[in-house]
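Per the working numbering, residue 665 is the first one in the sequence shown, and the count goes up by one each step. Down below is the structure, laid out as structure tokens.
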Amino acid sequence: RSAHGVIGIGSPRASLEANVALRSLVGPQQFFLGIDEREHQLLSKVLNVLRSGPVPSGSIHDAEQADAVFVLGADLLNEAPRLALALLQSIRQQPMERVDELKIPRWDEAAVRNAVQNRRGPLFLTGYQRTWFHDYATSSYFAAPDDLARLGFAVAGSIDHEAPSVPDLTNDIRNLAQRIAEALHHAQRPLIVAGTGSGSLTTIEAAANVAWALHRQGKQPRLSFVLPECNSAGLALLDGESLQGAFEAISQKKADTVIVLENDLYRRAEQAKVDVFLDTAQTVIVIDSLENRTTAHADVLLPASTGPESDGTLVSQEGRAQRFYQAYVPDGDVADSWRWLRDLSRATSQEKDGRFGVATWKNFDDALSAVAVAAPDLARMGEVAPPSSFRLAGQKIPRQSERCSGRTSLIAHLNVHEPAPPVDQDSPLGFTMEGYRGPVPSPLISQFWAPGWNSIQAVNTYQDEVGGPLRDEMPGVRLIEPVATKAPAWFTTIPCAFQPTSHQWLLIPRPAVFGSDELSNQSPSVVERIAEPVLSLHPSEGARLGLENQSTINLTLQGTTYCLALHLDPSTPVGTAGLSRVPALSSVRMPAWVDLLKAIKTEQRRRVA
């Protein structure tokens, strides 16, 4: 109550309901997205492409069914391994046309293998590092982000001659662009994939041009954008300023109290800037389920429930809103983030959103109603899954199976009497084995089991047909659908060809499937697989710097010195340096230019000096 202004910092790993609750508490003008300016620009660009263009976003199923794929600057094996698996399935699609011509049933695996042999469909991969995934590619191209964007623009120009042309292309790149364009043009279900991992806006624009060029040729392409976190798309839909705006609000004394929602700010900005921000704020309130460097600065720390302990909605990279349900009741004072924010609003009278404000929320359905009016794109939130009042034959759907037994023994060391099961006011599910047994809407299926099926293959009995959709399927709601019938104006800002310099290297993040994600890094089994931090250079660059492969270096970046292993990788583009995105390097802002002659210190180079 005594605060002279309160700001809220949201999070791409928090649910939509939690972010909207914080936005309601502090007001839209005081709500900041909790991501840096570059990521904010990238997410805004992705949303702009999907909103304004005629090409829909691609689902995982679309990726599996694609018969030609062009990946522009995304390391799918490390950034989106599930999408990478789908693309491994996609290379079977074009050869399967021969199977259909021979009238061979697709379930006849031996006959299918004999007909297909080793043929693969077109898969063109571009990026900054080679992985085993590239062994399955029709062609691979490794270059700096600007050069990858130029290739994308060239492909668009080869498909549609009205698209902007790319000057000064080498013959090799022009031939590669023509080859990719022909494969995409001859496909029935082409897919274009790009991402935000490299920090390049122009690769996103180039991917959009390629998809729009295909659409103008009468094709039905799909666009798939790889986003960094589980709710990056949902957070971007709420609109708001980047983290830099929050820093300015505190430094300019527009506010003196900060509420941080499930976000480690040290992963979003340079350590020195975050230190000043948190030290300047008079009161720092943090709501989180993890201990991190931000919670260490908290004046008030409120324990938030984790995903399995809460209900909520996330928006996937496809733009599809999907519900997750609480699996068990947490111990102690742990509560949903939105409930902590509701209680804060009631205690401080900080309400900003009237009848949909967080102070009026009683259960999860109230939270959903508020989310649906928070932004135009979220209006269909009520269609994602059944409401908490949903019943079948007047009963809730049990979370526990018919075979769940021994419940009394779980707490026998405390009390020999089994307590009443907790009451769930937020969903149609019950924390019990009693309730309706029969077909239920797909979001409410708590397990796949059928008589005689004691494995996940029991899912076959829940489907309309084997491999088909679930009965009464509610697969979530795609919030962003194309409304334009024609492609908008082309993106015309084509970057110049990348020119390596003698003293500056472009530092590019190299994601790691084990190590780059904040939440999975809390799992001991994942931590065991996190590799040591590595700096990757082209072998010619290593020779110029007098460095040997696998040597240990001390690298000073943005005021901090890191001990790294050096990896000389022929796939690393000349003039760039790849830095592994692991916890030890989470504070390094990339992409960035760095003078490695000054930044690298090794025992060998000291002796030479």
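Every residue, glycine too, gets a C-beta built ideally from N, C-alpha and C. Source: prediction; values computed, not measured.
Let me know the secondary structure DSSP gives Arg-1271 once reduced to three states.
-> Looking up residue 1271 in the sequence shown gives position 607. Bear in mind that a pLDDT of 39 at Arg-1271, under 50, signals an unreliable position, so the number given afterwards is only what the model happens to contain. In this structure, DSSP gives Arg-1271 a helical state, which the three-state scheme calls helix.
Measuring CB to CB, does Pro-1188 end up less than 8 Å from Ser-1244?
-> Within the sequence shown, numbered from 1, the residue matching residue 1188 stands at position 524. Within the sequence shown, numbered from 1, the residue matching residue 1244 stands at position 580. No, they are not a contact pair.
Residues near His-798 by beta carbon distance below 8 Å, same chain, minus five either side | Residue numbering aside, residue 798 sits at position 134 when the sequence shown is read from its first letter. A distance below 8 Å between beta-carbons, with the five flanking residues on each side excluded, links His-798 to the following residues of its chain, in chain order: Leu-789, Ser-804.
Using a threshold of 8 Å, state whether the C-beta atoms of Ile-868 and Lys-709 are closer than that.
-> Within the sequence shown, the letter at position 204 stands for residue 868. Within the sequence shown, the letter at position 45 stands for residue 709. The answer is yes: Cβ separation under 8 Å.
Go through its chain and collect everything with a Cβ distance to Asp-952's Cβ below 7 Å, but skip five positions before and after it.
-> For the purposes of this step, residue 952 is taken as residue 288 along the sequence shown, with counting starting at 1. So the qualifying residues of the chain are Glu-926, Thr-959, Ala-968.
Same chain, Cβ closer than 7 Å to Val-776, five either side skipped, listed in chain order = Position 112 of the sequence shown, counting from 1, holds the residue named residue 776. Val-763, Ile-768, Arg-770, listed in sequence order.
C-alpha distance - Leu-966 paired with Ile-699, whole-angstrom precision | Locating residue 966 in the sequence shown gives position 302, where the first residue counts as 1. Locating residue 699 in the sequence shown gives position 35, where the first residue counts as 1. For Leu-966 and Ile-699, the distance between alpha carbons rounds to 21 Å.
Run the CB neighbour count on Trp-1169, radius 10 Å, all protein chains shown included, and call it buried at 16 or more, exposed below.
-> Residue 1169 sits at position 505 when you count from the first residue of the sequence shown. By the neighbour-count rule (16 or more Cβ atoms within 10 Å), Trp-1169 is buried.
In the DSSP assignment, find the unbroken beta strand (DSSP E) run with Asp-952 in it and report its ends.
-> Within the sequence shown, numbered from 1, the residue matching residue 952 stands at position 288. For Asp-952, the enclosing beta strand (DSSP E) stretches over residues 947–952.
Val-986 - partner residues in DSSP beta bridges = Indexing the sequence shown from 1 puts residue 986 at position 322. Note on identity: in this sequence residue 986 is Gln, with Val being the wrong assignment. Leu-978.
Apart from the five residues on each side of it in sequence, which residues of its chain come closer than 6 Å, Cβ to Cβ, to Asp-1274?
-> The question about residue 1274 has no answer here: the residues shown for the chain are numbered 665 through 1273.
Specify the secondary structure class of Leu-862 as computed by DSSP and reduced to three states.
-> In the sequence shown, residue 862 corresponds to position 198, counting from 1. Note that residue 862 is Ser in the sequence shown, not Leu. Three-state DSSP puts Ser-862 in coil, outside helix and strand.
Note down, in chain order, each residue of its chain lying with its Cβ closer than 7 Å to the Cβ of Leu-1341, except the 5 sequence neighbours on either side.
-> The requested residue 1341 does not occur in the structure, where the chain is confined to residues 665 to 1273.
Burial state of Arg-1271 (16 or more Cβ within 10 Å) = Walking along the sequence shown from the start, residue 1271 turns up at place 607. Residue confidence is low: Arg-1271 scores 39 on pLDDT, short of 50, so the model does not pin down where it sits. Its coordinate-derived value is still stated next. Counting Cβ neighbours within 10 Å, Arg-1271 comes out exposed, since fewer than 16 surround it.
What are the boundary residues of the alpha helix (DSSP H) that Leu-711 is part of?
-> What you label residue 711 is simply residue 47 of the sequence shown in a count that begins at 1. Here the alpha helix (DSSP H) through Leu-711 covers 701–716.
Where do the N-terminal and C-terminal ends of the alpha helix (DSSP H) with Ile-844 fall, by residue?
-> What you label residue 844 is simply residue 180 of the sequence shown in a count that begins at 1. Here the alpha helix (DSSP H) through Ile-844 covers 835–850.
When we look at the beta-carbon of Trp-876 and count the other beta-carbons within 10 Å, is it buried (16 or more) or exposed?
-> Sequence index remark: in the sequence shown, residue 876 carries index 212 (1-based). Counting Cβ neighbours within 10 Å, Trp-876 comes out buried, since at least 16 surround it.
Please work out which residues of its chain come closer than 7 Å, Cβ to Cβ, to Thr-1220, disregarding the five sequence neighbours upstream and downstream, and give them in chain order.
-> Within the sequence shown, the letter at position 556 stands for residue 1220. Taken in chain order, the residues that qualify are Ala-1263.
Considering only residues of the same chain and omitting the five flanking positions on each side of Gly-675, which have a CB-CB separation below 6 Å?
-> Stepping through the sequence shown from its first residue, residue 675 is reached at position 11. In the sequence as presented, Gly is not what sits at residue 675; that position holds Ser. Excluding sequence neighbours, Ser-675 sits near Gly-698, Leu-925, Glu-926, Asn-927.
Residues bridged to Gly-1242 [DSSP beta-bridge criterion] = Numbered from 1 along the sequence shown, position 578 holds the residue referred to as residue 1242. Within the DSSP secondary-structure output, Gly-1242 pairs in a beta bridge with Ile-1172, Ser-1200.
Assigned secondary structure, His-798 (DSSP; H/G/I helix, E/B strand, else coil) = Residue mapping note: residue 798 aligns to position 134 of the sequence shown, counting from 1. Shown here, His-798 sits in a helix according to DSSP, grouped into three states.
Report yes if the CB atom of Ser-1052 is closer than 8 Å to the CB atom of Gln-1089, and no otherwise.
-> By 1-based counting over the sequence shown, the position of residue 1052 is 388. By 1-based counting over the sequence shown, the position of residue 1089 is 425. The answer is yes: Cβ separation under 8 Å.
Thinking C-alpha only, which one of His-1081, Ala-685, Pro-828 is nearest Ala-1031?
-> The residue you call residue 1031 lines up with position 367 of the sequence shown. Checking every option, the nearest Cα to that of Ala-1031 belongs to Ala-685.
When the Cα atoms are used, what is the spatial distance from Arg-1006 to Gln-881?
-> Locating residue 1006 in the sequence shown gives position 342, counting from the first residue. Locating residue 881 in the sequence shown gives position 217, counting from the first residue. For Arg-1006 and Gln-881, the distance between alpha carbons rounds to 52 Å.
Outcome for Cys-894 when other beta-carbon atoms lying within 10 angstroms are tallied against a minimum of 16 = In the sequence shown, residue 894 corresponds to position 230, counting from 1. Its Cβ being crowded by 16 or more others within 10 Å, Cys-894 is buried.
Return the first residue and the last residue of the beta strand (DSSP E) that Arg-886 is part of.
-> Here the question's residue 886 lines up with position 222 in the sequence shown. Arg-886: member of the beta strand (DSSP E) spanning 886–890, first to last residue.
Coarse secondary structure for Lys-1265, derived from DSSP in three states | Here the question's residue 1265 lines up with position 601 in the sequence shown. Shown here, Lys-1265 sits in a strand according to DSSP, grouped into three states.
Who are Arg-1193's beta bridge partners in DSSP?
-> For the purposes of this step, residue 1193 is taken as residue 529 along the sequence shown, with counting starting at 1. For Arg-1193, DSSP records no beta bridge to any residue.
Ordered along the chain, which non-local residues of its own chain (more than five positions away) have a Cβ less than 7 Å from that of Pro-1234?
-> For the purposes of this step, residue 1234 is identified with residue 570 of the sequence shown, where counting begins at 1. The residues are His-1202, Pro-1203.
Considering only residues of the same chain and omitting the five flanking positions on each side of Ser-1184, which have a CB-CB separation below 6 Å?
-> Start at 1 with the first residue of the sequence shown, and residue 1184 comes out as number 520. So the qualifying residues of the chain are Val-1190.
Pro-1085 beta carbon less than 8 Å from that of Gly-1094 | The residue labelled residue 1094 in the question sits at position 430 within the sequence shown. The residue labelled residue 1085 in the question sits at position 421 within the sequence shown. Result yes, Cβ atoms of Gly-1094 and Pro-1085 sit closer than 8 Å.
What are the uninterrupted segments assigned as alpha helix (DSSP H) that are 4 or more residues long and contained completely in the segment 1037–1100, given in chain order?
-> Taking 4 residues as the shortest admissible run, the segment 1037–1100 contains the following complete alpha helix (DSSP H) segments, listed from N- to C-terminal end: 1071–1074.
Alpha-carbon spacing of Val-964 relative to Lys-917, whole angstroms | Walking along the sequence shown from the start, residue 964 turns up at place 300. Walking along the sequence shown from the start, residue 917 turns up at place 253. Going by the C-alpha atoms only, they are around 20 Å apart.
Should Ala-1241 go down as buried or exposed, given a rule of 16 or more other Cβ atoms within 10 Å for buried?
-> In the sequence shown, the residue the question calls residue 1241 occupies position 577. Of the other Cβ atoms in all chains shown, 16 or more fall within 10 Å of the Cβ of Ala-1241; this residue is therefore buried.
For Cys-894, which beta-bridge partners are listed by DSSP?
-> Along the sequence shown, one-based indexing puts residue 894 at 230. Paired residue(s): none; Cys-894 is not in a bridge.
With a cut-off of 8 Å on the beta carbons, I'd call Ser-888 and Ser-721 a contact; round off their distance for me.
-> The sequence position of residue 888 within the sequence shown is 224, counting from 1. The sequence position of residue 721 within the sequence shown is 57, counting from 1. The C-beta distance from Ser-888 to Ser-721 rounds to 6 Å, short enough to fall under 8 Å.
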